[in-house]
Every structure is written in C-alpha cells, then in structure tokens.
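Visitor: Just so we're aligned: 827 in UniProt numbering is position 827 of the sequence shown, and the numbers increase by one with no gaps anywhere.
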Amino acid sequence: MIMKQGTLLQFRKAQSKIQTKRERKPSLSEENRTRTKKKDKIGDEEGNAKKHDGSFDQGQDVDTDKRLAALRAELNQITREGDDDDDVDADDDVDSVGSGSVKKEPVTNSSIRTDFSIPDAATIHAARKSREMARQTEQDYIPVDDTKKYEGQFASTGRLVREDENDVSDEEGEEGPITFSVAARKRGFPALDRRRQVEAALANQELEEKSDNEEAEDDEDLKLWEDEQIRKGVKGAPAPLAQTETVPQITEMTNSLYLQQYTEDTNSVMQISQPYTFGTGYTEIHTNGNQIYGRTMTSNSLQSRHAVTVDMICDKMKQQLTTLQEVHRGHQMDKEKASSQLETAQGSIKKLERQGRNAEQRFSFFQETRGYVRDLIECLNNKVPEIDELESSMHALLKNRASSVVQRRQMDVSDQAGDFLNAQAGRQGQSSAKTTDPGKLRRTAEREGRRARRRKHREREKKAPQPDTHHEGQSTDDEETETDAVKFRAETKRIISEEKAIFEDVVEDFSSIDSIKSRFEEWKNKHEDCYRNAYISLCLPKLFAPFIRLQLLDWNPFEAKCMEIEDFRWYKSLVLFGCGDDPYDIDVDDPDVKLIPVVLEKTLITKLTGLFEHVWDPLSQKQIAPAIKLIRGMAEVYPNFHAQDKSTQSLFAAITNRMRRCVSDDVYVPLYPKSLLDNKSSGALAFFQRQFWSCAKLMGNILRWEGLLSTARLHEMAVDGLLNRYLLLALQHSHLYYDSLEKAKAITATFPKQWFNEHQQTTLPSLEALARYLATLAASMQRSCAGCPETEKKKARNGIKKVIQLLLQLRSVDKAKLVAAEHNLDDLVKDV
Numbered sequence: 001m002i003m004k005q006g007t008l009l010q011f012r013k014a015q016s017k018i019q020t021k022r023e024r025k026p027s028l029s030e031e032n033r034t035r036t037k038k039k040d041k042i043g044d045e046e047g048n049a050k051k052h053d054g055s056f057d058q059g060q061d062v063d064t065d066k067r068l069a070a071l072r073a074e075l076n077q078i079t080r081e082g083d084d085d086d087d088v089d090a091d092d093d094v095d096s097v098g099s100g101s102v103k104k105e106p107v108t109n110s111s112i113r114t115d116f117s118i119p120d121a122a123t124i125h126a127a128r129k130s131r132e133m134a135r136q137t138e139q140d141y142i143p144v145d146d147t148k149k150y151e152g153q154f155a156s157t158g159r160l161v162r163e164d165e166n167d168v169s170d171e172e173g174e175e176g177p178i179t180f181s182v183a184a185r186k187r188g189f190p191a192l193d194r195r196r197q198v199e200a201a202l203a204n205q206e207l208e209e210k211s212d213n214e215e216a217e218d219d220e221d222l223k224l225w226e227d228e229q230i231r232k233g234v235k236g237a238p239a240p241l242a243q244t245e246t247v248p249q250i251t252e253m254t255n256s257l258y259l260q261q262y263t264e265d266t267n268s269v270m271q272i273s274q275p276y277t278f279g280t281g282y283t284e285i286h287t288n289g290n291q292i293y294g295r296t297m298t299s300n301s302l303q304s305r306h307a308v309t310v311d312m313i314c315d316k317m318k319q320q321l322t323t324l325q326e327v328h329r330g331h332q333m334d335k336e337k338a339s340s341q342l343e344t345a346q347g348s349i350k351k352l353e354r355q356g357r358n359a360e361q362r363f364s365f366f367q368e369t370r371g372y373v374r375d376l377i378e379c380l381n382n383k384v385p386e387i388d389e390l391e392s393s394m395h396a397l398l399k400n401r402a403s404s405v406v407q408r409r410q411m412d413v414s415d416q417a418g419d420f421l422n423a424q425a426g427r428q429g430q431s432s433a434k435t436t437d438p439g440k441l442r443r444t445a446e447r448e449g450r451r452a453r454r455r456k457h458r459e460r461e462k463k464a465p466q467p468d469t470h471h472e473g474q475s476t477d478d479e480e481t482e483t484d485a486v487k488f489r490a491e492t493k494r495i496i497s498e499e500k501a502i503f504e505d506v507v508e509d510f511s512s513i514d515s516i517k518s519r520f521e522e523w524k525n526k527h528e529d530c531y532r533n534a535y536i537s538l539c540l541p542k543l544f545a546p547f548i549r550l551q552l553l554d555w556n557p558f559e560a561k562c563m564e565i566e567d568f569r570w571y572k573s574l575v576l577f578g579c580g581d582d583p584y585d586i587d588v589d590d591p592d593v594k595l596i597p598v599v600l601e602k603t604l605i606t607k608l609t610g611l612f613e614h615v616w617d618p619l620s621q622k623q624i625a626p627a628i629k630l631i632r633g634m635a636e637v638y639p640n641f642h643a644q645d646k647s648t649q650s651l652f653a654a655i656t657n658r659m660r661r662c663v664s665d666d667v668y669v670p671l672y673p674k675s676l677l678d679n680k681s682s683g684a685l686a687f688f689q690r691q692f693w694s695c696a697k698l699m700g701n702i703l704r705w706e707g708l709l710s711t712a713r714l715h716e717m718a719v720d721g722l723l724n725r726y727l728l729l730a731l732q733h734s735h736l737y738y739d740s741l742e743k744a745k746a747i748t749a750t751f752p753k754q755w756f757n758e759h760q761q762t763t764l765p766s767l768e769a770l771a772r773y774l775a776t777l778a779a780s781m782q783r784s785c786a787g788c789p790e791t792e793k794k795k796a797r798n799g800i801k802k803v804i805q806l807l808l809q810l811r812s813v814d815k816a817k818l819v820a821a822e823h824n825l826d827d828l829v830k831d832v
C-alpha cells in the first residue's frame with residue numbers, strides 16, 4: 001500500500017492532540033450530562049437497528065441457493081467495475097503503519113477523488129460529540145464511517161470527507177487522529193464504494209472487539225489506536241494485492257464477509273457480523289443489538305461440500321474419540337483419587353474412633369490405677385510402723401539368745417581359768433571358797449551336763465567303730481536350757497500371731513503380693529510406655545519390701561533347718577514378674593528382670609547385716625556352714641551382690657567385725673607348767689586342750705571364708721591373730737611332742753589350698769614361724785627317743801616323716817630337705 005503525502009506529519013500531529021487531550025479532560029458533571037444525552041440518542045439508533053434486524057430475519061426465509069447466486073453476480077459485477085478504474089490516483093489508497101515504520105503499497109482496481117472540501121467547525125463538533133456519546137454507551141459496536149451524512153453538504157466543494165474529520169473523540173476545535181482508510185464514497189466509482197462498504201463492515205466488527213480496551217490509560221489508547229488503524233489498512237486493501245491467490249479464492253474470501261448496506265434516507269445500518277466457524281459449512285450469525293443465532297450454509301461450504309470424504313469423517317471421529325477417551329481417563333483418575341481419599345478418610349475416621357475408645361479406656365485405667373496406688377500407699381504408711389516394731393522385737397529376741405550363749409561361754413572359761421590360776425599359785429583355800437559360790441556351782445553343773453549330753457549324742461551317731469578323732473572343745477557349746485527354749489518359742493509365737501493380725505482389716509488387693517503384682521503387671525502389659533516413664537521398676541522393691549519383711553520375720557539363716565530364699569512365697573511370686581506368658585523369652589534390658597536382686601539388696605541384705613553382726617556366732621560349728629552357704633550362693637547367683645555394692649560392703653563389714661570381736665573376746669589359751677599339766681587330777685590339761693582346740697576351730701571357721709573375704713583380712717585374723725599369737729605359742733610350750741604333731745597337722749589342714757602352688761619353694765611369710773616350729777619338733781622327737789626301745793625310735797621316725805610331709809604341704813621345701821638330710825630321709829624329698 002502507498003501512503004498519502006503528509007501522512008507521517010498527520011500522525012505526529014495526532015499524537016500532539018492526544019497529549020493535549022490528557023491535559024483537558026471534561027469534568028465528571030459534564031461527562032454525566034453527556035452520558036444522559038447519549039442514552040436518548042442510543043434509543044433511536046436501537047429502534048433503527050431492530051428494523052434492520054427484522055428485515056434480515058425475514059430474508060432468512062428466502063431460498064439459500066438464490067441468495068448465493070445473487071451475491072455471486074453482484075460481487076462479479078463489482079469486481080469488473082473495479083478493474084476498469086486502474087487509472088485512479090494511488091495516492092488516495094489505504095495507508096498502513098506498523099512497528100514504527102510506514103510501508104507503501106500500490107492500490108489497483110480503485111481510484112479515489114482528491115478534490116474534497118474541509119467541513120466547518122460546527123460540523124466537526126457535531127460529529128465529534130456523536131462519536132463520543134456512542135463510545136460511552138453500552139453498544140456492542142461504534143460506527144466508523146459516517147461520511148454519507150456529510151456527502152451532500154460537501155459535494156460542491158469537491159473535497160473528500162475523511163475519517164479524521166468525522167472523529168469526535170477529541171475536544172472542540174481540534175482535528176481527529178490520523179486515519180489511513182478512505183471513508184467517502186466516490187460518485188464515479190459505485191463498485192469500489194460498495195466493495196469498500198463490505199470491507200468497512202469487517203473493520204467495524206474488529207473495532208467493536210477492541211472498543212472495551214479504549215477506556216484504559218491514554219498511553220494504552222494510543223497503542224490501541226495504532227493497531228486499529230493498521231488493521232483498517234490491511235482490511236481495506238484491494239483483493240488482488242491482499243491475497244496472492246486466484247480470482248476464485250478472492251471470491252471465496254469476499255463471500256465469507258458480511259455485507260453492509262447504508263440507507264441515506266434513514267441512516268440505518270444493517271450489519272452482518274463475521275461468522276464464527278464451528279465446522280465445515282456452518283456459521284453462527286451475530287448482529288449488534290438484537291442477536292440472532294442460527295446456522296447457515298455459506299458459499300464456501302457449498303463449494304467444498306463434495307471435498308469431504310469418509311476418511312476425513314473417520315479421522316475426525318477418531319480424534320473426538322481419542323479426546324473423549326483422554327477425558328474419560330482423566331475422570332477415571334479423578335475417581336480413583338477420590339476413592340483413595342475416601343478410603344483414607346474412612347480409615348482415619350475408624351482410626352480416630354479406635355483412638356477415642358482407647359483414650360477413654362486408657363483414661364479410665366489410669367484413674368483407677370491412681371486411686372489404687374494412693375490407697376496402697378496410705379495402707380502401707382499405716383502398717384509399716386507396726387511391721388518395723390515386730391521386726392525389731394524378733395531381732396532383739398534372737399540377739400538376746402545369742403548374747404546369752406556367748407556370755408555363758410565366757411563365764412565358763414572365766415570360772416575354769418580362775419580355778420587353775422589359783423591352783424597354779426598354790427592358793428587352795430581361795431579355790432575351795434570359790435567353789436562354794438552357788439552361781440558358779442550351778443554354771444559348773446550345767447556345763448558338765450551339756451558336755452555329757454553331747455558326748456552321748458556323738459556315741460549314738462557313730463555308726464561304725466572308728467578311731468575317735470573328736471577333741472574336747474571342737475563341739476559348739478550353744479545348747480539352751482529347757483526354760484530358755486520354752487521362753488524363746490513362746491515369744492516367737494506371739495510375734496508371729498501379731499504378724500498375721502496386721503493385715504486382717506485389709507482386703508486382699510492391698511495385703512497380698514500376688515494381687516499387687518497383678519495390678520502392676522496389667523499396667524505394664526497395657527501401657528508399657530507409661531509404665532517405664534513412671535519409673536515403676538524403681539518403686540516396686542519399696543512397695544514389696546513390707547510384705548517380704550513380714551515373711552522373713554522369724555527367718556534365721558544360721559539354723560540348719562532354715563528355709564532357703566528360693567522357697568519363700570514372695571520369691572516365687574516375683575521371680576517371673578514382667579516376663580509375660582513365656583518365661584524363656586526375657587528381655588535382658590528390662591529393669592523388671594532385676595527385681596529379685598534389687599529386693600535382696602534393699603530388704604534381705606539389710607536383714608542379714610543385722611543378723612551377722614548381733615546373732616551369728618563364729619565359734620559355732622553348726623552356724624558356720626549355713627552362713628557360708630548362703631553368702632556364697634548369693635554371690636554366685638545375684639549380679640548385684642559384689643564388692644562394689646554398698647549394701648554388700650556393709651554386710652561383709654559386719655561379718656568381719658563380728659569375727660574380730662570373737663577373736664578378741666572369746667579366745668583364751670592358757671600356758672601352764674609341766675608339773676600342773678602332768679597332774680591329771682587337777683584338770684588343767686583338759687582345760688588346756690579344750691581351749692586349744694576351740695581356738696583352732698575358730699581359726700578353721702575364719703579360713704573357710706576364703707574366696708568371700710580378702711586374703712589380707714584372713715591372714716590378719718586367722719594367722720596373726722590366732723595361730724602366731726595363741727596356737728603356736730601353746731605348741732612351743734608343750735612337752736607332748738606327738739600330741740603337738742597331731743595339733744600341727746590339724747592346723748595345717750585348715751589352710752586354704754589357694755595359698756600354695758606346686759612351683760613354690762618357700763612358704764608364706766606369715767607361716768614361716770610354723771615351718772620353723774615343725775623343724776624343731778622333728779629334732780625334739782629324735783632326741784626324746786634316744787636310749788629308748790626300738791619301738792619308740794620307730795615311732796619317732798614316723799613322726800619325723802609326718803613333719804617333712806607337713807613342711808612340703810606348707811611349701812617350705814628348703815626346711816623339708818634340711819630335716820630329711822639330718823635324719824637320712826632324702827627319698828621323701830628327691831622328687832620335689
């Protein structure tokens with residue numbers, strides 16, 4: 001398209017006018033008055049449009065083929081008339097502006113007159129007001145070309161009325177924006193005018209689509225205006241240059257447009273909007289004002305009707321089927337997703353319902369458990385003082401009986417030692433006077449009666465004739481008199497009866513270990529997490545302690561017929577606490593597994609500590625075996641019974657203190673001259689022998705704690721406190737060599753085997769004095785048989801061999817070899 005001369009200048013002038021328009025906008029009240037006037041005018045125009053639409057509706061009844069034939073003939077005539085006007089000046093063609101540059105193209109088949117007159121100011125103002133009112137109304141379109149209104153007025157001037165002169169969007173006295181379309185119809189070219197009218201209808205429709213955006217900011221208005229003018233220029237181009245196709249193609253394009261007719265008398269416009277194609281051969285008709293929807297057959301569809309094939313229809317149906325299948329798959333996926341969400345929601349509802357029921361049950365259980373625990377603690381707070389009182393009474397009863405036995409033994413030793421001390425000093429008068437003491441006489445009679453009964457008892461238990469290896473003093477003098485025994489049993493019975501009466505006023509749920517245990521086991525099985533968080537495992541030993549103490553109330557572990565710990569009811573009830581139905585499936589990390597050891601630590605060891613300190617008698621041969629068995633069994637079975645445990649340390653400290661006190665208070669070995677010992681009627685020898693063997697028995701009892709007590713403490717009490725202080729001194733002052741050899745053999749037998757090993761060549765430093773005494777004893781026996789018959793020499797030689805064996809047993813190899821060499825007995829030590 002070729003742009004007219006001066007178009008660029010006009011475009012710049014239009015921009016200047018728009019800038020002026022921004023500065024001079026009408027007030028709100030003026031706009032309201034203008035809007036009211038335009039509403040009245042719109043009513044008149046809508047009436048004319050309705051008349052036009054009615055005529056168009058009536059035309060719908062005309063035969064379609066006839067109308068198409070008439071349109072084809074008219075369009076062909078227009079085309080022919082346009083071809084005859086090729087010599088028209090091309091400067092008046094439609095201009096096109098785009099992207100900041102102006103491109104001119106020649107216009108063929110059309111000619112435009114250039115002798116137009118400029119309208120006066122009143123006409124321009126009226127046109128501008130009409131355009132402004134139409135733009136502010138709610139119409140679907142804005143008329144673009146209103147040239148016919150002024151054609152007769154300015155025909156004489158010979159000047160073409162342009163669109164910029166009919167534009168009423170600017171202020172009064174200002175020219176409109178630059179337009180690049182020819183709006184006036186030339187009298188000499190009716191075919192060109194008719195064709196331009198059709199093209200103007202299309203431009204009007206496109207202008208309607210953009211009219212809503214023109215109310216935006218002024219900068220955006222300028223851009224929209226430029227785009228509008230470019231589209232007008234493109235749509236107004238002649239058919240031969242706008243399309244490079246053949247004449248039939250131009251005809252099809254022209255037939256697809258709506259025809260617009262202008263009536264000069266009524267100024268009514270009949271518009272046929274551009275159709276929206278929904279398929280081949282179908283259009284939907286829209287008009288401004290009253291809209292008419294309907295499907296009509298266009299000429300294009302008639303020409304291409306025979307081009308539709310079955311394959312095309314099948315492809316179209318397949319495409320629609322594929323689309324529907326995709327939609328169906330989407331719906332299926334949505335359905336599956338919704339179903340999954342529904343299932344999840346239903347599962348969540350059921351889960352929450354279960355959780356609600358569980359929470360309700362959990363709350364009820366804990367409420368009941370809290371009430372039970374409070375009642376149990378209140379009950380125990382009332383009963384524990386009574387239990388403490390009964391336990392103290394029983395402990396005092398056992399302590400008094402043990403103290404009475406120890407005091408009686410000490411009094412007997414004191415009485416006999418005094419008698420022989422007086423006899424040794426030659427004070428027979430004082431001795432006779434003392435024998436008349438009724439208390440001393442009674443004690444002497446009771447002592448001799450107990451010894452006689454023990455002697456008869458040993459004779460009854462002797463099943464076969466064997467050499468009597470028992471020595472006076474080795475038996476335990478702890479028999480009670482009948483009066484003391486009856487009194488002790490009566491007091492014990494009273495305490496037991498009070499023990500049974502403690503929980504008579506308490507229901508079984510609070511007085512039985514089994515009932516209490518079942519409550520806490522239920523708690524652990526149902527709510528183990530809460531059970532652990534509440535540290536119930538640490539509280540159970542204290543809760544069970546009062547009931548355990550009641551069952552251990554009359555328990556004396558130093559008696560031969562004492563019940564084992566594993567035989568008590570409380571032990572059987574608690575040993576499998578928290579293990580569940582399968583006792584073999586035990587979690588070693590479960591703190592309840594250590595319930596029995598903890599109970600022993602908190603309850604039993606505390607009781608044993610008091611019994612060992614006040615009731616146990618280290619001199620008693622009957623008490624030492626059960627005591628050692630109990631302690632050794634606890635050390636092997638229970639893991640918390642070790643030297644680092646404080647309660648265990650307290651227990652062994654009590655055992656050690658009791659043995660030291662016994663060594664200090666109950667041991668007495670006299671040293672009498674040979675003249676007194678040879679006097680058999682004095683009884684000094686029997687007293688000496690009894691005390692010696694009693695001291696040896698105590699040393700043997702102490703050494704039996706090897707492996708439980710430390711070796712250093714055993715050496716301190718047994719070797720230094722008894723052997724070197726009493727026994728070895730008594731052996732050195734005795735002239736009865738063979739009797740001393742028997743005593744030395746008994747003493748050596750009490751030493752633990754762990755003290756010696758096969759590769760040891762010298763004995764322990766603490767036993768070095770005993771080894772020297774044995775070497776001296778061998779020499780004394782050799783001297784005593786000098787000048788005696790052969791039988792005495794043979795007896796002495798056998799005695800020397802026993803001495804060598806004792807030295808080897810003590811691992812004093814050097815002294816054994818020396819003695820063997822002195823007495824020609826090297827064959828006894830050649831393999832050492």
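All C-beta atoms in this analysis are idealised placements derived from N, C-alpha and C, irrespective of residue type, glycine included.
Rounded to the nearest angstrom, what separates residue 567 and residue 762 at their Cα positions?
Guide: Working through the sequence shown from its first residue, we reach residue 567 at position 567. Working through the sequence shown from its first residue, we reach residue 762 at position 762. So the two alpha carbons sit approximately 48 Å from each other.
Visitor: Roughly how far, in whole angstroms, is the beta-carbon of residue 734 from the beta-carbon of residue 771, given that I think they are within contact range, below 8 Å?
Guide: Along the sequence shown, read from residue 1 onward, the residue named residue 734 stands at position 734. Along the sequence shown, read from residue 1 onward, the residue named residue 771 stands at position 771. Contact between residue 734 and residue 771 fails: their C-beta atoms lie close to 18 Å from each other, not under 8 Å.
Visitor: For residue 369, which residues from the same chain have a beta carbon less than 7 Å from its beta carbon, with the 5 sequence-adjacent residues on both sides left out?
Guide: Numbered from its first residue, the sequence shown carries residue 369 at position 369. Here the set comprises 523.
Visitor: I'd like to confirm the pairing. Which residues does DSSP put opposite residue 553 in its beta bridges?
Guide: Locating residue 553 in the sequence shown gives position 553, where the first residue counts as 1. Looking at the DSSP assignment, residue 553 forms no beta bridge with any residue, so it has no partner.
Visitor: State the Cα-Cα distance for the pair residue 647 and residue 639, rounded to the nearest angstrom.
Guide: Looking up residue 647 in the sequence shown gives position 647. Looking up residue 639 in the sequence shown gives position 639. Taking the straight line joining both Cα atoms gives about 13 Å.
Visitor: Considering only their Cβ atoms, is the gap separating residue 620 from residue 476 smaller than 8 Å?
Guide: On the sequence shown, residue 476 is found 476 positions in, with the first residue counted as 1. On the sequence shown, residue 620 is found 620 positions in, with the first residue counted as 1. Closer than 8 Å, so yes.
Visitor: How long is the line joining the alpha carbons of residue 810 and residue 818, rounded to whole angstroms?
Guide: Mapped onto the sequence shown, residue 810 falls at position 810. Mapped onto the sequence shown, residue 818 falls at position 818. Looking at the two C-alpha atoms, the distance is approximately 15 Å.
Visitor: Go through its chain and collect everything with a Cβ distance to residue 515's Cβ below 7 Å, but skip five positions before and after it.
Guide: In the sequence shown, the residue the question calls residue 515 occupies position 515. The answer, listed in chain order, is 508, 509.
Visitor: Return yes when the Cβ of residue 550 is within less than 8 Å of the Cβ of residue 577, no when it is not.
Guide: Reading the sequence shown from its first residue, position 577 is the one you call residue 577. Reading the sequence shown from its first residue, position 550 is the one you call residue 550. The answer is no: Cβ separation not under 8 Å.
Visitor: Alpha carbon to alpha carbon, how far is residue 745 from residue 806?
Guide: Against the sequence shown, residue 745 aligns to sequence position 745. Against the sequence shown, residue 806 aligns to sequence position 806. When rounded, the distance between both Cα atoms is 7 Å.
Visitor: According to DSSP, is residue 829 part of a helix, a strand, or is it coil?
Guide: As a position in the sequence shown, residue 829 is number 829, starting the count at 1. Residue 829 falls in the coil class under three-state DSSP.
Visitor: Give the secondary structure of residue 706 by DSSP, where H, G and I count as helix, E and B as strand, and everything else as coil.
Guide: Indexing the sequence shown from 1 puts residue 706 at position 706. Correct three-state label for residue 706: strand.
Visitor: Start and end of the alpha helix (DSSP H) containing residue 798?
Guide: Residue numbering aside, residue 798 sits at position 798 when the sequence shown is read from its first letter. That run of the alpha helix (DSSP H) goes 790-809.
Visitor: Is residue 384 helix, strand or coil when you go by DSSP?
Guide: Position 384 of the sequence shown, counted from the first residue, corresponds to residue 384. Three-state DSSP puts residue 384 in a helix.
Visitor: Would you mind listing the alpha helix (DSSP H) stretches within the region 593-621 that are 4+ residues and don't spill past its ends, in chain order?
Guide: 595-599, 605-614
Visitor: If you run the structure through DSSP and keep just helix, strand and coil, what is residue 103?
Guide: Here residue 103 corresponds to residue number 103 of the sequence shown, with the count starting at 1. The pLDDT assigned to residue 103 is 39, lower than 50, so where the model puts this residue is not dependable, and the model offers no usable value.
Visitor: With distances taken Cα to Cα, identify the nearest neighbour of residue 380 among 747, 495, 503.
Guide: For the purposes of this step, residue 380 is identified with residue 380 of the sequence shown, where counting begins at 1. If we check each option's Cα against that of residue 380, 503 comes out closest.
Visitor: Roughly how many whole angstroms lie between the Cα atoms of residue 364 and residue 652?
Guide: For the purposes of this step, residue 364 is identified with residue 364 of the sequence shown, where counting begins at 1. For the purposes of this step, residue 652 is identified with residue 652 of the sequence shown, where counting begins at 1. The straight-line gap from Cα to Cα measures roughly 48 Å.
Visitor: Over what stretch of residues does the alpha helix (DSSP H) that includes residue 438 continue unbroken?
Guide: Sequence index remark: in the sequence shown, residue 438 carries index 438 (1-based). DSSP places residue 438 inside the alpha helix (DSSP H), whose first and last residues are 438-461.
Visitor: Alpha carbon to alpha carbon, how far is residue 460 from residue 750? Give it in angstroms, no decimals.
Guide: If you number the sequence shown from 1, residue 750 lands on position 750. If you number the sequence shown from 1, residue 460 lands on position 460. Approximately 27 Å, taken between the alpha carbons.
Visitor: So, with DSSP's three-state summary, where would you put residue 543?
Guide: Residue 543 sits at position 543 when you count from the first residue of the sequence shown. In this structure, residue 543 counts as helix in the three-state DSSP scheme.
Visitor: Would you report the Cα separation of residue 310 and residue 318, rounded to the nearest angstrom?
Guide: The residue you call residue 310 lines up with position 310 of the sequence shown. The residue you call residue 318 lines up with position 318 of the sequence shown. Rounded to whole angstroms, the separation of the alpha carbons of residue 318 and residue 310 is 12 Å.
Visitor: Roughly how many angstroms lie between the CA atoms of residue 858 and residue 617, to the nearest whole one?
Guide: The structure shown does not extend to residue 858, since the chain is modelled only from 1 through 832, so no value can be given for it.
Visitor: For residue 743, which of 783, 344, 700, 374 has the nearest alpha-carbon?
Guide: Taking the first residue of the sequence shown as 1, we reach residue 743 at position 743. Measuring from the Cα of residue 743, the nearest candidate turns out to be 700.
Visitor: Need the endpoints of the alpha helix (DSSP H) that residue 717 sits in, please.
Guide: Taking the first residue of the sequence shown as 1, we reach residue 717 at position 717. Note, residue 717: premise wrong, no alpha helix (DSSP H); not H, not E.
Visitor: To the nearest angstrom, how far is it from the Cα of residue 591 to the Cα of residue 565?
Guide: Taking the first residue of the sequence shown as 1, we reach residue 591 at position 591. Taking the first residue of the sequence shown as 1, we reach residue 565 at position 565. About 21 Å.
Visitor: Smallest Cα separation from residue 685: which of 674, 695, 697?
Guide: Here the question's residue 685 lines up with position 685 in the sequence shown. Minimum Cα distance to residue 685 is reached at 674.
Visitor: Report the option in 786, 451, 601, 534 whose CA atom is closest to the CA atom of residue 373.
Guide: Mapped onto the sequence shown, residue 373 falls at position 373. Checked all of 786, 451, 601, 534; the closest Cα to residue 373 is 534.
Visitor: Taking the C-alpha atoms as reference points, what is the distance between residue 397 and residue 498?
Guide: For the purposes of this step, residue 397 is taken as residue 397 along the sequence shown, with counting starting at 1. For the purposes of this step, residue 498 is taken as residue 498 along the sequence shown, with counting starting at 1. When rounded, the distance between both Cα atoms is 15 Å.
Visitor: Return the chain-ordered list of same chain residues with a C-beta closer than 6 Å to the C-beta of residue 479, the five sequence neighbours on each side being excluded.
Guide: Residue 479 sits at position 479 when you count from the first residue of the sequence shown. Closer than 6 Å at the Cβ level, and outside the excluded window around residue 479, lie 450.
Visitor: When burial is assigned at 16 or more other CB atoms within 10 Å of the CB, is residue 358 buried or exposed?
Guide: What you label residue 358 is simply residue 358 of the sequence shown in a count that begins at 1. Answer is exposed; the Cβ neighbour count stays below 16.
Visitor: Select from 482, 371, 455 the residue whose C-alpha is nearest the C-alpha of residue 473.
Guide: Counting from 1 along the sequence shown, the entry for residue 473 is found at position 473. Residue 455 is the option with its Cα nearest to residue 473.
Visitor: Is it right to say residue 707 is buried, meaning 16 or more other beta carbons lie within 10 angstroms of its own, or is it exposed?
Guide: Taking the sequence shown and counting its residues from 1, one reaches residue 707 at position 707. Exposed.
Visitor: Given residue 367, which residues of its chain have a CB within under 6 Å of its CB, disregarding the five upstream and five downstream residues?
Guide: The residue you call residue 367 lines up with position 367 of the sequence shown. Here the set comprises nothing.
Visitor: Looking only at its own chain, which residues have a Cβ that is under 7 Å from the Cβ of residue 631, when we skip the five neighbours before and after it?
Guide: Counted from its first residue, the sequence shown places residue 631 at position 631. Closer than 7 Å at the Cβ level, and outside the excluded window around residue 631, lie 708.
Visitor: Is residue 662 helix, strand or coil when you go by DSSP?
Guide: Residue 662 sits at position 662 when you count from the first residue of the sequence shown. Residue 662: helix per DSSP, three-state reduction.
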